[in-house]
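Worksheet: one structure, shown below.
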Amino acid sequence: MTILEQYLAKTRGSASLASAAPDVLPGGVVTDTRIFDPYGIYVNRAEGVRKWDVDGNEYLDFFGGHGANLLGHCPPAVVKAAQDALARGVQFAANQPLEIDLAREIIRLVPSAERVRFTGSGTEATLLAIRLARAATGRRKIVRFASHYHGWHDHAASGYAGEFDGSPAPGVLSAIADETVLLPPGDENALADAVARFGGDIAAFLIEPVGTHFGVVPLNPYFLHKIEAAAKNTGSLFILDEVLSGFRVAPGGAQSIYGLAPDLTTLAKILCGGLPGGAVAGRADILDLLSADPARRGGKTKVLHQGTFTGNPVSMAAGLAMLAELQRINACDRVNALGELARRRLNETARSENLPFHFYGAFSIFHVLFTETPCADMTYKDYLPRPQPLTNRLRMALNLLGVDVNTRCSGLLSAAHEEADIETLCAALIEAGKMLEA
Ligand code: PLP
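Mapping the sequence shown onto UniProt numbering, position 204 (from 1) lands on 204, and the numbers just tick up by one.
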């Protein structure tokens, strides 16, 4: 049987749901991230490092909950905190103490955070950060980097066409897209040109620090300092998007490792314990533009921000428990070490079995290149084209072997993973390699 035939036979329940879904859900999915040919598995239970689909198949999970599951699925401390909060009520339409507690904890952990405004997601966080930057500077343009993902709103999606290649995104006003300066990541000359051309019009430089697009394109930290300097020299703001890296690479995020001082930082994913929620943290004088008190705003006009679900008590409680637990068990150190081990062991396995894969990445992330070794002078464009049918078949083969990775066959380690899980992944890679050849 081919890989596809085996997949169809093993996931009949998922197939049946997938065939009904497109009549009610466009494309059959709720987010483009779940697009998978011919359909992705339907999961209804998860715990620790495992999840189970509707057919009862078990998967060792390296998808990482889109980066939110630093402690694996259902960490007991987070579940308990969320359950307790749920039982006390979820929509008070009033201020509540936990939002101050979580903001204090963010300010304690994230070096550049002086104030925090919660949002409903990472997308909302980058949207608000961009609005604040434009309000604070009175300027229009946002410089961002090809292949970097900052959510799906118009100001981040302009120039988005699957690979963030600068092609216009349908539905985004050209007036918005025109205010985006899209640069190749890591290219100092392009950065200098943009500064020379647009300097006085740039409201902010926006970048994701641990590499891009979930870290697919490696980024030299030196370049981050170049951007920080460019922002200072042009009087614009430096926005560091730590939605993925925040509380993962270190409790203080990538900025604490690289010694960066962003004006604004966007956070989500781990922040609310894997529940919906995000935040913009940063300089008091900029965040206070949201204040109703004119004195706090330095006489400037107030910036608008609302949200029925902003700072909801369940997300706040889950976030507090998550941040406490990740510090208590040194989760960031653990996942970083596991990430390094996974990349090393996967590459050893690929070499010893003559499999045409190379694994790379930083911190707790691994990515695959369908080549034996990357050459030294690869640019971001060399990393992006993924042989889609091959990626699809590899993930499908791994699924059949009881392992899940993301749709690009990248993976994230959680603190719940053990070294033995990495060996299971390597063993599955060997089998998947044989299945791909067959
Ligand atoms: N920024 C980065 C770096 C991300 O990785 C993501 C999501 O993957 C976002 C922003 C958007 O966050 P959300 O999916 O919570 O809207």
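Virtual Cβ for every residue (Gly too), placed ideally from N, Cα, C.
{"Check": "Are there any heavy atoms of the ligand PLP lying less than 7 Å away from the beta-carbon of residue 123, as far as the coordinates show?", "Outcome": "yes"}
{"Check": "Whose C-alpha, out of 45, 202, 362 and 174, is nearest the C-alpha of residue 254?", "Outcome": "362"}
{"Check": "Just list the alpha helix (DSSP H) runs in the stretch 109 to 150, keeping only unbroken ones of 4 residues or longer that don't cross its boundaries, in chain order.", "Outcome": "122 to 137"}
{"Check": "Does the ligand PLP have even one heavy atom less than 7 Å from the beta-carbon of residue 150?", "Outcome": "yes"}
{"Check": "Less than 7 Å separating the Cβ of residue 310 from some heavy atom of the ligand PLP?", "Outcome": "no"}
{"Check": "Could you tell me the distance, in whole angstroms, from the CA atom of residue 143 to the CA atom of residue 181?", "Outcome": "5 Å"}
{"Check": "Tell me the rounded alpha-carbon separation between residue 293 and residue 303.", "Outcome": "12 Å"}
{"Check": "Would you kindly report the start and end of the unbroken beta strand (DSSP E) that includes residue 436?", "Outcome": "Not the beta strand (DSSP E): residue 436 falls in the alpha helix (DSSP H), residues 419 to 437."}
{"Check": "Roughly how many angstroms lie between the CA atoms of residue 311 and residue 228, to the nearest whole one?", "Outcome": "30 Å"}
{"Check": "Given 8 Å as the limit, is there contact between the stretch 421 to 431 and the stretch 60 to 68, that is, 3 or more CB pairs closer than that?", "Outcome": "yes"}
{"Check": "Going by DSSP in three states, residue 242 sits in which element: helix, strand or coil?", "Outcome": "coil"}
{"Check": "DSSP beta-bridge partners for residue 52?", "Outcome": "45 and 58"}
{"Check": "With a 10 Å radius around its C-beta and 16 neighbouring C-beta atoms as the bar for buried, classify residue 425 as buried or exposed.", "Outcome": "buried"}
{"Check": "Are the Cβ atoms of residue 221 and residue 211 separated by less than 8 Å?", "Outcome": "no"}
{"Check": "Spatial neighbours of residue 41 within its chain, please: C-beta separation below 7 Å, excluding the five flanking residues on both sides.", "Outcome": "11, 14, 53 and 399"}
{"Check": "Tell me the DSSP secondary structure of residue 266 in three-state form.", "Outcome": "strand"}
{"Check": "Work out the CA separation of residue 301 and residue 315 for me, nearest whole Å.", "Outcome": "30 Å"}
{"Check": "Any beta-carbon of chain C closer than 8 Å to the one on residue 397?", "Outcome": "Within the model displayed, chain C is absent; a lone protein chain is all it includes."}
{"Check": "In this structure, how does DSSP classify residue 367 when only helix, strand and coil are distinguished?", "Outcome": "strand"}
{"Check": "Quick check on residue 10: does DSSP put it in helix, strand or coil?", "Outcome": "helix"}
{"Check": "Helix, strand or coil: how does DSSP classify residue 16 here?", "Outcome": "helix"}
{"Check": "Could you tell me which whole beta strand (DSSP E) segments of length 3 or greater appear in the stretch 256 to 300?", "Outcome": "264 to 267 and 278 to 282"}
{"Check": "How long is the line joining the alpha carbons of residue 284 and residue 240, rounded to whole angstroms?", "Outcome": "16 Å"}
{"Check": "Nearest to residue 177 by CA position, among 153, 335 and 30, is which residue?", "Outcome": "153"}
{"Check": "If distances are taken between C-alpha atoms only, which option among 333, 127 and 273 comes closest to residue 305?", "Outcome": "127"}
{"Check": "Please indicate yes or no: does the CB of residue 265 lie closer than 7 Å to some heavy atom of the ligand PLP?", "Outcome": "no"}
{"Check": "Are the stretch 180 to 199 and the stretch 244 to 258 touching by the rule of at least three beta carbon pairs closer than 8 Å?", "Outcome": "no"}
{"Check": "Take the Cβ of residue 148 as the centre, count every other Cβ of all protein chains shown within 10 Å, and call the residue buried at 16 or more, exposed below.", "Outcome": "buried"}
{"Check": "Can residue 273 and residue 82 be called in contact, C-beta distance under 8 Å?", "Outcome": "yes"}
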